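Just so you know, the sequence shown maps onto residues 63 to 179 in the numbering used here. Comments concern the structure below.
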Amino acid sequence: AHLLHRMQGASRCISELLLADAATPSEGVLARLASDANLSHFKHVLLLSSPQDGYIPRHSARIEVTDTVLADKRLGGAVAEMVENLEERLRSCETVRLEVVWPWHSSEESISFASFI
Numbered sequence: 063a064h065l066l067h068r069m070q071g072a073s074r075c076i077s078e079l080l081l082a083d084a085a086t087p088s089e090g091v092l093a094r095l096a097s098d099a100n101l102s103h104f105k106h107v108l109l110l111s112s113p114q115d116g117y118i119p120r121h122s123a124r125i126e127v128t129d130t131v132l133a134d135k136r137l138g139g140a141v142a143e144m145v146e147n148l149e150e151r152l153r154s155c156e157t158v159r160l161e162v163v164w165p166w167h168s169s170e171e172s173i174s175f176a177s178f179i
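What follows is the structure, given as structure tokens:
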């Protein structure tokens with residue numbers, strides 16, 4: 063039963079990350095979080111991205127929108143609105159975007175994504 067409960071929670075999380083947890087993407091958990099005023103209480107925000115990251119797209123880690131995302135008829139508008147909301151909240155703090163390139167190149171030397179799940 064515990065394993066099923068864990069799997070159900072992961073499934074819900076995946077639905078949220080895919081913006082598929084509500085009738086429309088702009089009604090989902092991530093859209094609500096992007097509009098939350100609590101982010102403006104931070105003084106410093108550090109956004110890390112890496113071209114070696116095979117799980118989190120660079121533009122997502124940096125809270126940016128690409129033309130490809132905007133062209134998506136189902137998600138583009140909602141994602142653009144979320145980024146705009148996040149940028150509005152980040153204006154009151156110092157935001158730094160860093161791109162990290164790790165010294166290793168093979169997946170054998172890096173930490174496995176499975177270890178985080």
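From the three backbone atoms N, C-alpha and C, an ideal C-beta is built for every residue, glycine too. Nothing here was measured: the structure is a model prediction, and the numbers come from that model.
Between which two residues does the beta strand (DSSP E) harbouring residue i extend?
i: Glu156; result: Glu156 to Glu161
i: Leu108; result: His106 to Ser111
Let's see if you can read the secondary structure: which residues bound the alpha helix (DSSP H) around residue i?
i: Ser97; result: Val91 to Ser97
i: Asp129; result: Asp129 to Ala133
For residue i, I'd like the list of residues in its chain whose CB is within less than 7 Å of its CB, leaving aside the five on either flank, ordered along the chain.
i: Gly138; result: Val131 and Leu132
i: Val141; result: Val127 and Val131
i: Ser154; result: Ser102
i: His106; result: Cys155 and Glu156
i: Ser88; result: Ala140 and Glu143
Identify whether residue i lies in helix, strand or coil by the three-state DSSP scheme.
i: Gly138; result: helix
i: Ile118; result: coil
i: Ile125; result: coil
i: Leu152; result: helix
i: Pro165; result: coil
i: Ala185; result: Nothing can be reported for residue 185, as the shown portion of the chain is limited to 63 through 179.
Might you give, ordered along the chain, the residues of its own chain that have their beta carbon closer than 8 Å to the beta carbon of residue i, omitting 5 neighbours on each side?
i: Leu109; result: Ala123, Arg124, Ile125, Thr157, Val158, Arg159 and Leu160
i: Arg74; result: Asp83
Return the chain-ordered list of same chain residues with a C-beta closer than 6 Å to the C-beta of residue i, the five sequence neighbours on each side being excluded.
i: Arg151; result: Leu101 and Ser102
i: His180; result: Here the chain has residues from 63 to 179 only, and residue 180 is not among them.
Rounded C-beta distance between residue i and residue j? I'm assuming under 8 Å.
i: Ala85; j: Asn147; result: Ala85 to Asn147, Cβ: 19 Å. No contact.
i: Val163; j: Pro113; result: 7 Å
Please decide whether residue i counts as near chain D, where near means a Cβ-Cβ distance under 8 Å.
i: Asn147; result: Looking at the structure shown, chain D is missing, and only one protein chain is on hand.
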